[in-house]
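Notes to accompany the following structure.
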Amino acid sequence: MKRPELLPGTLDMLILKTLTRAPLHGYGIAQSIKHISDDVLTVEEGSLYPALQRLLLQGWVKAEWKMTETNRRARFYTLTVAGRKQLGLEVTQFEQMITAIGRVLSEA
Amino acid sequence: MNPLERIARKFGMLFRRDRFRSDLDEEMAFHREQVERELIADGMTPASAHAVAGKQFGNSAHLREESHQVIAFSWESIVQDLRFASRQCRQNPGFALTAIFILAIGMGVSVAIFAFVDAAVIQPLPYAEPNRLMDVAESGEMLHRSNLSRADYEDWKRLNHSFSSLDVYGGSGYLLRTPSGSEPVPAARVSDGFFRTLGVQPMLGRVFHPGDDRPGGAKIAMLTYGTWRKRFGSRGNVVGQSATLDGSAYTIVGVLPRNFEFAPRTNAEFFVPLLDKNQCEQRRSCHNLFGIGRLRDGVTAKAALDEMKAIAAQLEIQYPGSNKGQGAVVEPLSEIIVGPMKPIMLTLLAASGLLLLIASVNVASLFLVRSESRRREIAVRGALGATPARISRQFVTEAFLLGLLGCAAGILVANGAMKGLTSLIPKTMAQNLTFLWRVGFHWHEAVYSVCIALLAIGLLALTPILRLSFLDVRDALSDGNRSVAGRFWRRMGANLVVIELSLAVILLVGAGLLSKSFFRLLHVDVGFDPTHLATVQVVAPPTAYSKSEQQVALFRELDRRLSSLPGVESVGISTDLPIQCNCNTDWIRIVGKPFHGEHNEVNERDVSPGYLSTLKAQLIRGRFFTADDVASKSNKVIINQKLAEKYFPGEDPIGKTIANGGLDPKSMREIIGVVGNVREGGLDDELWPTEYEALYQSPGNYVAVAVRTTGDEKAILPSLIKAVHEVDPTLGTYGELTMGEQMNTTASALIHRTAMWLVDGFALIALVLAVVGLYGVIAYSVGQRTREIGVRMALGAQRSSVYGMVMQQAGWLTAAGIGIGVACAVGAAMLGGKLLFGVAAWDFPTLAIVAVVLAAASLGASFLPAHRAASVNPIDALRTE
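Line by line, the protein sequences are chains A and B.
Letter 93 of the first sequence, counting from 1, is numbered 92 in numbering that gives the first Met the number 0, and no numbers are missing.
Letter 644 of the second sequence, counting from 1, is numbered 643 in numbering that gives the first Met the number 0, and no numbers are missing.
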């Protein structure tokens, strides 16, 4: 069965939101989004890593190499202050969008 | 987010690419491992978990590329492409060098020719506001533009309101006293405002002041830069010194700047004001000047012409004897100077453009062959996730790189070609081509180079794009299915070859027609025997030879002395040699025939008794002059056949009388002979009626001597000069040339020869390129069809039928190319018809020869691949897959 695609433009927001709880590595971010959305949302690796590079470049996340619980080296991403601000902005925009779409759809 | 900060961060990344890559790789490897571990935890075997994780992850090279693109600058991929392209070139230097070489030749020739066209035709004349300068002249019945008489000029200048200034110039020559004797120098006589009208500032001293040209005024002169350097040692104090011209001292008032040029009188060394009216200028009917006028602001050339015509009409009423039928012409000065160059320049430019086109098409087809042999590479890149656009960009980058290198090399070739072509022009001719010093690489040339380079590069880049857009990746990857792509390739490559062949036909036909024109020109019937004729111009100083008796005595002595030289058969003296110009004319009237004041214009030559027989002109009726035809006897005249036909149709002209319009008794002269038409005008001018009068009845100071020799006419020239100076060391001599050289250096011969040599050269290059192009296509197609040929032969096809198959393909391409080319060539030749002489645009022999030559060359070029195809061993061919 083909899983529903992520809404375009929302991946950055989802990653930023996921990182508000704790710093995570790429795999962790993907897993977290998958679990929290009850397996509805899957993040393709092909889009995850380019997105992370984009966020790094914008200065919205920071990356550092740390050890995991299983004692493996992994790159952990942390939300920056600018990233938190950006998240707020994106969430507001997204909610406005959803409300607007909802209004159009509920129009009898 | 501050965009500056982001760019700074990108820059930071630029120098930590390796770190970036290893981080990313490790990160993704970690991710994959985690996925695998999860799958194993779900109960999968490690092997299948690895496979599933890998599949889920997808193309890791592609993933890495995508992440890389986020942090990379967009130009980085172009740099990458360029690096790859240059690696391709280095890997295959033969291909790269060939492409660059062909482009460089095409580009270099085009730019060099353009530089000449630019200097000769496009660049504005070096005067102030040159587009306001007009050539002002009279028009006669036979000549559209003829000289102005001084009296008419004075009236035109006084009456017109169209020109802010109207000035005149006329040719002249003087005997300049030099430390070693005297030397004839060309000069120009001009009215006082001449240089101010042109807007030329002197380098030293001053230009002429108003009133400097009045009769009886002080004798003053201006020097050209060249004369100043050559004869006055570039001395700064030359102004105020004097030069002795024709025995009188002329005070030098100024020196013209180095870049001064005046094409109608290119060789003039001195400029002298008009001053006293010479014999000709005392008559209103004698025309010896040309006018230049500067239009007043707001006056159009048309309005000026209308006004000058009205003035001319007014003068015609006022002076019916001299001015009947004399109108006016006003044309842009640039048209007079540049106009005659235009046909040859445009033809050469077009020819060089065709050559560049052939070169580009040729390189484009080379590119096609290459892109074909790189099909696998393309397919692999496609399979690895490169989009068609990305692959096309790679090819465009390669085309761009090669195009750029080719064009850069082309500019070097252009510079070399400019110098080479300039040095090929003989010095005597170069003097008359004032635009030559302007030839060079200026911004016009730079713009032109960029434009044609972009066109050439565009053509190169377009071919692989068109080619690739039809290529199916899967087809290509399998590499077995050759038929589809092969057929397409054959069509595309074949189209290019047909274009190339047709372009080559156009150039070849052009070359053929121009060569034939030149041959016809040099072999035009001149009416005399031009071989074994040596010529020299002699000037008698007017102070020592002012009376006719003195002049006649001098000519007799010259005749006697030169005739006695060893190797000389006979000697003739005339005012003008043949094949110069339809000029120095006279208006005649036939006594006893109706006359209404019309101007019957004929060439007039004063000749010694031996002149016409020395030329070996054909005597048709009557007799030549004898030593007895002198001033004391009644005047006699010999006419040419053209004059006889025109004015005495169906009659015997011998014994009839010619006079001037006023029937002045002194002008009455009896016709004693009719000669065949000796061509007095240029080789491609029409034949004019000509009258020959007896030199001993109306002598002068300037004469041309023609000597018929038994042996080599070139070798006798030095002893000829020596003998002239033995008669009188003060005599000036110049223009010592054989008649053959005279004919070869005439303006029409020069133009035709230049056009012929250059276009012949272009055509030869074009032929080679087109044939090589055809060879490439056929050879490639044979290579592609090796397997098919093997199958055919395995099934029993004869070698002859394989030959036939290949040759048929080549035959079709050649036939199509020749057919299209011939049609275009005839059209092109009709457009450039002004350069053709004695040959039609559709000249069948030329077309036939071109077709045969090209067909033979093409079939020769395809024979090699056909032979290779026929020698295919079926077993080997089938095994190639």
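Don't be surprised by glycine CBs; every beta carbon is placed ideally from N, CA and C.
Nothing here was measured: the structure is a model prediction, and the numbers come from that model.
*Examine chain B for any beta-carbon lying closer than 8 Å to the beta-carbon of Tyr48 (chain A), and answer yes or no.*
Cβ-Cβ to chain B under 8 Å: yes for Tyr48 (chain A).
_On the DSSP bridge list, what partners appear for Met133 (chain B)?_
Paired residue(s): B:Gly292 and B:Pro331.
*Is Gly609 (chain B) near Asp558 (chain B), with beta carbons less than 8 Å apart?*
Closer than 8 Å, so yes.
_Considering only their Cβ atoms, is the gap separating Leu10 (chain A) from Val39 (chain A) smaller than 8 Å?_
In this structure, Leu10 (chain A) does not lie closer than 8 Å to Val39 (chain A) by Cβ.
*State the CB to CB distance for the pair Leu165 (chain B) and Gly290 (chain B), rounded to an integer number of angstroms; the pair is presumed to be in contact (CB under 8 Å).*
Right, their Cβ atoms sit about 6 Å apart.
*Helix or strand or just coil, what does DSSP make of Asn361 (chain B)?*
In the structure shown, Asn361 (chain B) sits in a helix (DSSP, three-state: H, G or I).
*asked:* For the segment 532-545 of chain B against the segment 238-246 of chain B, do three or more pairs of beta-carbon atoms, one drawn from each stretch, fall closer than 8 Å, so that the two count as touching?
replied: Three or more beta-carbon pairs separated by less than 8 Å link the segment 532-545 of chain B to the segment 238-246 of chain B, which places the two stretches in contact.
*Any idea which residues DSSP pairs Phe162 (chain B) with across the strands?*
DSSP, once it has assigned bridges, lists B:Leu294 as partnering Phe162 (chain B).
_Simplified DSSP state of Glu37 (chain B), which is helix, strand or coil_ = Glu37 (chain B) falls in the helix class under three-state DSSP.
*Same chain, Cβ closer than 6 Å to Met792 (chain B), five either side skipped, listed in chain order*: Correct list, in chain order: Pro873.
*What are the partner residues of Ile377 (chain B), as DSSP defines its beta bridges?*
Ile377 (chain B) is not bridged to any residue.
*For the beta strand (DSSP E) that Met221 (chain B) lies in, which residues bound it at each end?*
Where Met221 (chain B) is concerned, the enclosing beta strand (DSSP E) stretches over Ile219 to Leu222.
*asked:* To test your reading of the DSSP string, which unbroken beta strand (DSSP E) runs of 3 or more residues are found completely within the segment 603-689 of chain B?
replied: As far as the segment 603-689 of chain B is concerned, its whole beta strand (DSSP E) runs of at least 3 residues are 618-621, 635-639, 656-658 and 668-674.
*asked:* How far does the beta strand (DSSP E) with Ala103 (chain B) in it extend, from its first residue to its last?
replied: Segment Pro92 to Val116 is the alpha helix (DSSP H) holding Ala103 (chain B); no beta strand (DSSP E) there.
*asked:* Report the start-end ranges of each beta strand (DSSP E) in the segment 765-834 of chain B that is 3 residues or longer and not cut off at the edges.
replied: Segments of the beta strand (DSSP E) lying fully in the segment 765-834 of chain B: there are none.
_Between Gln52 (chain A) and chain B, is the shortest Cβ-Cβ distance under 8 Å, so that the two count as touching?_
Against chain B, the CB of Gln52 (chain A) has a partner CB under 8 Å away; the residue lies at that interface.
_Suppose you measure from the CA of Asp478 (chain B) to the CA of Val379 (chain B); what does that come to, to the nearest Å?_
Residue placement at Asp478 (chain B) is flagged as unreliable, the pLDDT there being 48, under the threshold of 50; the coordinate-derived value follows with that caveat. If I take the Cα positions, the gap works out to 11 Å.
*Give the interface partners of Asp22 (chain B) over in chain A, defined as CB-CB distance under 7 Å, in chain order.*
Here the neighbours are Arg74.
*asked:* Under 8 Å: do the segment 659-667 of chain B and the segment 559-568 of chain B share three or more Cβ pairs, one atom per stretch?
replied: No, they do not touch.
*Going by DSSP, what residues sit across from Thr534 (chain B) in a beta bridge?*
Under DSSP, the beta-bridge partners assigned to Thr534 (chain B) are B:Ala705 and B:Leu736.
*Name the chain B residues whose beta carbon is nearer than 7 Å to that of Gly25 (chain A)?*
Near Gly25 (chain A) (Cβ distances below 7 Å), the residues of chain B are Glu26 and His30.
*Just grab the DSSP bridge partners of Asp585 (chain B) for me.*
For Asp585 (chain B), which the question treats as bridged, DSSP gives the partners B:Val601.
*Nearest chain A C-beta to Glu65 (chain B) closer than 8 Å, yes or no?*
Yes, because at least one Cβ of chain A sits closer than 8 Å to the Cβ of Glu65 (chain B).
*asked:* Quick test of the definition: if touching needs 3 or more C-beta pairs under 8 Å, does the segment 404-412 of chain B touch the segment 97-107 of chain B?
replied: Touching, yes, given that three or more Cβ pairs across the two stretches are closer than 8 Å.
_What does the Cβ neighbour count give for Thr515 (chain B), buried or exposed, with the cut at 16 atoms within 10 Å?_
Sequence inspection shows Lys at residue 515 (chain B); the Thr mentioned does not correspond to that position. Buried is the call here.
*Is DSSP giving Ile251 (chain B) helix, strand or coil here?*
In this structure, Ile251 (chain B) counts as strand in the three-state DSSP scheme.
_With the cut-off set at 8 Å, would you say Gly775 (chain B) and Leu365 (chain B) are in Cβ contact?_
Taking a C-beta distance under 8 Å as the contact criterion, Gly775 (chain B) and Leu365 (chain B) qualify as a contact pair.
_Please identify the residue among B:Met742, B:Phe394 and B:Ile424 whose C-alpha is closest to the C-alpha of Thr433 (chain B)._
Closest option to Thr433 (chain B), Cα to Cα, is B:Ile424.
*Residue-level contact to chain B via CB, Thr91 (chain A), 8 Å cutoff*: Not one beta carbon of chain B lies nearer than 8 Å to the beta carbon of Thr91 (chain A).
*Anything in chain A within Cβ reach of Arg18 (chain B), meaning under 8 Å, just list it in chain order.*
Within 8 Å Cβ-Cβ: nothing; Arg18 (chain B) doesn't reach chain A, min ~11 Å.
*When the Cα of Glu330 (chain B) is compared with those of B:Ala50, B:Ala300 and B:Ile316, which residue comes out closest?*
It is B:Ala300.
*Could you check where the alpha helix (DSSP H) with Tyr48 (chain A) kicks off and where it finishes?*
Secondary structure note for Tyr48 (chain A): its alpha helix (DSSP H) is the uninterrupted segment Glu44 to Gln57.
*Within 10 angstroms of the Cβ of Thr69 (chain A), are there 16 or more other Cβ atoms? Answer buried if so, exposed if not.*
Sixteen is the threshold: since fewer than 16 other Cβ atoms of the shown chains lie within 10 Å of the Cβ of Thr69 (chain A), the residue is exposed.
*Leaving aside the five residues before and after Ala81 (chain A) along the sequence, list all residues of the same chain whose C-beta is less than 8 Å from its C-beta, in chain order.*
For Ala81 (chain A), where only same-chain residues beyond five positions count, the Cβ hits under 8 Å are Gln57, Gly58 and Trp59.
*Does the beta carbon of Val776 (chain B) sit closer than 8 Å to a beta carbon anywhere in chain A?*
Answer no: the Cβ-Cβ gap between Val776 (chain B) and chain A never drops below 8 Å.
*Please list the partners that Val69 (chain B) has in chain A, where partner means a Cβ-to-Cβ separation under 7 Å.*
The contacting residues are Pro49, Gln52, Arg53 and Leu56.
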